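Chemist:
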Amino acid sequence: MKREEFFQLTDKINDGTANDQELEAYNRYFNHFQTRKVWTQEEMGSEDARGVLLFESINRAIDTTVPVKKLRTGWKPVIAAAAVLVMVAGIALLLINKGTSVSEKLIARQNQVSSKTNDLIQLPDGSTVILSAGSQLKYADSFEGKAIREVFLTGKAFFDIKHLNNQPFIVRTGKVNTQVLGTAFDIDSRSGHVTVTVIRGKVVVNKDGRTLGTLTPNKQVVYDLQSDLATLNDTNAEKTVSWREKDLSFKDITFSNAALLLQERFDVKVTISNPVLAQQHFTTTLFEKQNLTDFLTLICDFNNAVYTYDQITKQVTIKPKN
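Under the working numbering, think of the first position of the sequence shown as -1, with each following residue one higher.
1) Report yes if the CB atom of residue 146 is closer than 7 Å to the CB atom of residue 181, and no otherwise.
2) Scan the stretch 248 to 308 and note each continuous alpha helix (DSSP H) run of 4 residues or more that stays entirely inside, going in chain order.
3) Would you report the Cα separation of residue 237 and residue 263, rounded to the nearest angstrom?
4) Across which residues does DSSP place residue 318 in a beta bridge pair?
5) In angstroms, rounded to a whole number, what distance separates the CA positions of residue 246 and residue 202?
6) Would you identify the three-state DSSP class for residue 188, choosing helix, strand or coil?
7) So, residue 193 versus residue 149, is the Cβ gap smaller than 7 Å?
8) Please state the DSSP three-state secondary structure of residue 134.
9) Just to confirm my understanding: we take residue 144, look at its own chain, exclude 5 residues before and 5 after, and list those with CB closer than 8 Å. What are they?
10) What does the alpha-carbon distance come out to for the pair residue 318 and residue 243?
11) Measure from the alpha carbon of residue 293 to the alpha carbon of each residue in 316, 141 and 310, then state which is nearest.
12) Among all the DSSP beta bridges, which residues are the ones paired with residue 227?
13) Can you name, in chain order, every residue of its own chain whose Cβ lies under 6 Å from the Cβ of residue 178, other than the five neighbours on each side?
14) Using DSSP bridges, identify the partner residues of residue 145.
15) Which residues mark the beginning and the end of the beta strand (DSSP E) in which residue 238 is found?
16) Starting from residue 212, follow the beta strand (DSSP E) in both directions and report where the run begins and ends.
17) Counting only the same chain and skipping the five closest in sequence on each side, list residues whose C-beta sits under 7 Å from that of residue 235.
18) Count the other C-beta atoms from every protein chain shown that fall within 10 angstroms of the C-beta of residue 211, then say buried if there are 16 or more, exposed otherwise.
19) Which residues does DSSP list as the beta-bridge partners of residue 121?
20) With DSSP run on the structure shown, which of helix, strand or coil describes residue 177?
21) Among all the DSSP beta bridges, which residues are the ones paired with residue 116?
22) What three-state label does DSSP hand residue 313 in the structure shown?
The structure is reproduced here in structure tokens:
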């Protein structure tokens, strides 16, 4: 594909007129940069030269046909609108970050990419976070050797935290801290309040050493930033976190963590028979009205896997294709 053809393709993707073949061509370029993991220092060059390198790398890719796995989807109008911005931003971040020492990793939902899509994030310890559109989460590249696991949230997110006895997990939202060992809970730090809702497990919410509340399932604390007052409430936790059912972007998620999300969303039991397959990573989007079998077909095709689904027992089994 030539440069001019690529620009024409991006225009069609942006206005929703791209056909299946054109979407497949886009996916080839996007997946190529998404799966590229090694950028040597020699290739990176000096920091001042990275902008030039970025431009040249994109230009080379546009003129080169790259045979990679495609991620097919029947939901092209929605995925196409966000895809072009993600591709360019992803290449830029890869170029900038691979050659530098970064103490914190930043995941941010930007409204100009998609105002309706949430992100499913996998943390270094295997915990998962559903990050609401427009929200931001900062965390270390690794939690190993640290006394605590801590993340910094701006906005709204749902956390499902892996239990580690000797390494508590803390979510910091300004001066309000939420500490857990292993649980599922929701935090909303928008509109001048910090609201913490527990789905399962137990959390302690504090500010400047003062305990605002110790929460168990279906309990909620609402802290008013202006008045410095906290209110404890009983709540329907599942209703509070119903926002998770909207379009959900899987970003570099393992099959095993995706299976946990599917179990909760579709009320099924998912078994992955192969441990290597269970740790395989992929990126895609689960749309609000997309059914289970369509999504299973999508991710299995992409990962060279097959599945069986017993609708009576609600058992899904996934295994390698060959």
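C-beta atoms are modelled at their ideal positions from N, C-alpha and C, and glycine is treated no differently.
Please read these numbers as outputs of a predicted model, since none were measured by experiment.
Modeler: Considering the structure as presented:
1) Not closer than 7 Å, so no.
2) The stretch 248 to 308 contains these whole alpha helix (DSSP H) runs: 253 to 264, 273 to 276 and 290 to 300.
3) Their Cα atoms are separated by approximately 13 Å.
4) Paired residues: 303.
5) Cα-Cα distance, rounded: 28 Å.
6) In the structure shown, residue 188 sits in coil (DSSP, three-state: anything other than H, G, I, E or B).
7) Contact: no.
8) Residue 134 sits in a strand when the DSSP states are folded into three classes.
9) Closer than 8 Å at Cβ, skipping near neighbours: 138 and 165.
10) Their Cα atoms are separated by approximately 28 Å.
11) Of 316, 141 and 310, the smallest CA-CA separation from residue 293 is found for 316.
12) DSSP links residue 227 through a beta bridge to 222.
13) Scanning its chain for C-beta atoms nearer than 6 Å, with the 5 sequence neighbours on each side dropped, one finds around residue 178 the residues 159, 167 and 201, in chain order.
14) Answer is none; residue 145 lacks a bridge partner.
15) It is not in any beta strand (DSSP E) - residue 238 instead sits in the alpha helix (DSSP H) that spans 235 to 238.
16) In the DSSP assignment, residue 212 falls within the beta strand (DSSP E) that extends over 208 to 213.
17) Excluding five sequence positions before and after residue 235, the CB atoms of its chain that fall closer than 7 Å to its own CB belong to 195, 196, 197, 215 and 216, given in chain order.
18) Label assigned to residue 211: buried.
19) Beta-bridge pairing by DSSP links residue 121 to no other residue.
20) Note: residue 177 maps to strand in three-state DSSP.
21) Paired residue(s): 246.
22) Residue 313: strand per DSSP, three-state reduction.
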